[in-house]
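Before any comments, here is the structure.
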Amino acid sequence: RDSHIVIRRSRIQYLRPVRGELRAVCRRPAAEVVAAFKAKFERVGKARITLGVTVEADGGTGVEFEGEYVALR
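Right, here's the structure in full:
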């Protein structure tokens, strides 16, 4: 089956300049959050989940991003 993912809402904060080599890290939601997301998607064909990402460079965080994603069947 075809499915689609859209960003429903997002927030980004630029904390300091990011130069040179960088690393983006997505924090994994708690196991129960992931399980609820999967169960709802299987049950109704639509579910949402919030994911947070930090962009790190030079030993510190330069950017923080949070997005609410919706999966649709």
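Just so it is clear: in the sequence shown, position 24 is 169 by our numbering, and no numbers are missing.
Note that CB positions come from ideal geometry on N, CA and C, so glycine has one too.
As the structure is a computational prediction, the values presented were derived from the model and not from experiment.
{"query": "Coil, strand or helix - Ala169 by DSSP", "result": "strand"}
{"query": "Beta-bridge partners of Glu211, as assigned by DSSP", "result": "Arg156, Gly197"}
{"query": "Extent of the continuous alpha helix (DSSP H) to which Ala181 belongs", "result": "176–189"}
{"query": "Nonlocal neighbours in the same chain, by C-beta distance under 6 Å from Ser155, ignoring five residues either side", "result": "Gly212"}
{"query": "Alpha-carbon to alpha-carbon, Arg172 and Val198", "result": "6 Å"}
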